[in-house]
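Step one of this worksheet: look at the structure below.
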Amino acid sequence: MLYPLKFVAYIIQAFSSSALTGGMQSAENANFAIQRLTDLPSNQLATIICSPHMDTLFQCWPTKHIKNLITIVNKISENGNSSISSQLAGVLVNRGLYNQIDHLIKINKPIPPIFLAGSSRFPLTESSFLSTLEFMNTHNPEHISEFLDHCKRNAGMK
């Protein structure tokens with residue numbers, strides 16, 4: 525029996541522990557879990573990825589596996605769920621991975637500022653904020669004030 529949420533948990537756990545220990549077993553577990561997730565039908569992927577743990581998954585996903593994540597998100601987006609593409613695009617911008625955005629299908633352009641401003645669970649770090657502000661200056665300067673408002677709210681500032 526397939527337990528997709530367990531694969532998501534394995535991925536998060538493996539990515540977290542491999543970042544701390546560099547463990548080979550964690551990398552193997554992550555690769556196995558990623559492959560199993562990628563093989564799921566898009567409707568099952570949408571059910572498990574589009575949930576409260578999505579932010580955690582996107583934030584902890586290692587750069588070397590971003591193409592796998594984009595493949596999964598694109599598979600979900602084929603059924604019309606473009607907001608997940610925008611959410612991943614926001615995280616990619618926050619992480620300074622602007623060059624990966626073009627691989628996403630069905631993305632709203634420009635990326636809505638709400639997707640670039642982090643969340644109350646994951647307010648932007650200083651480096652994420654600066655990376656995103658640089659992106660906003662270049663690609664969407666007319667929405668910088670909206671972006672800043674969302675950032676302040678997510679950081680709990682008034």
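So the sequence shown is numbered by the working numbering: it starts at 525 and just counts up by one.
Even glycine gets a Cβ: it sits at the ideal position worked out from N, Cα and C.
| Query | Result |
| --- | --- |
| Length of the line joining the Cα atoms of residue 619 and residue 599 | 22 Å |
| Where residue 668 falls, given that 16 or more other Cβ within 10 Å makes a residue buried | exposed |
| Length of the line joining the Cα atoms of residue 634 and residue 596 | 22 Å |
| Rounded distance between the beta-carbons of residue 637 and residue 670, thought under 8 Å | 4 Å |
| Residue 584: first and last residue of the uninterrupted alpha helix (DSSP H) it sits in | 578-584 |
| Three-way DSSP call (helix, strand, coil) for residue 646 in this model | coil |
| Which of helix, strand or coil DSSP assigns to residue 680 | coil |
| Span of the alpha helix (DSSP H) around residue 595 | 590-601 |
| Burial state of residue 652 (16 or more Cβ within 10 Å) | buried |
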